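Numbering (the numbering used here), first residue to last: 4 to 44. Cβ atoms here follow ideal geometry from the backbone N, Cα and C, with glycine treated the same way. Computed from a prediction, not measured in an experiment: that's the story for all the values here. Below you'll find the structure, written out as structure tokens, and then a few comments.
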Amino acid sequence: MVRRTTIELDEDLVERAKKVLGAKTTRATVEEALRRAVEIG
4 MVRRTTIELD
14 EDLVERAKKV
24 LGAKTTRATV
34 EEALRRAVEI
44 G
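Structure follows, in structure tokens:
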């Protein structure tokens, strides 16, 4: 299931996260960050 949502994100934080996660898009960055958060949690 996919859910479309609109959120405001800190652009600098997104760019830093992209580099750390090796992601190419904002969507991929957010999805990978959520996956990792769930693994930790």
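Check: Let me know if THR8 comes out buried or exposed under the rule of 16 or more other beta-carbons within 10 Å of its beta-carbon.; Outcome: exposed
Check: Is it buried or exposed for THR28, if we count other Cβ within 10 angstroms and need 16 for buried?; Outcome: exposed
Check: Rank ARG19, GLU34 and GLU11 by C-alpha distance to the C-alpha of VAL5 and give the top, closest one.; Outcome: GLU34
Check: Look at THR92 and ALA40 and say whether their C-beta atoms are less than 8 Å apart.; Outcome: Nothing can be reported for residue 92, as the shown portion of the chain is limited to 4 through 44.
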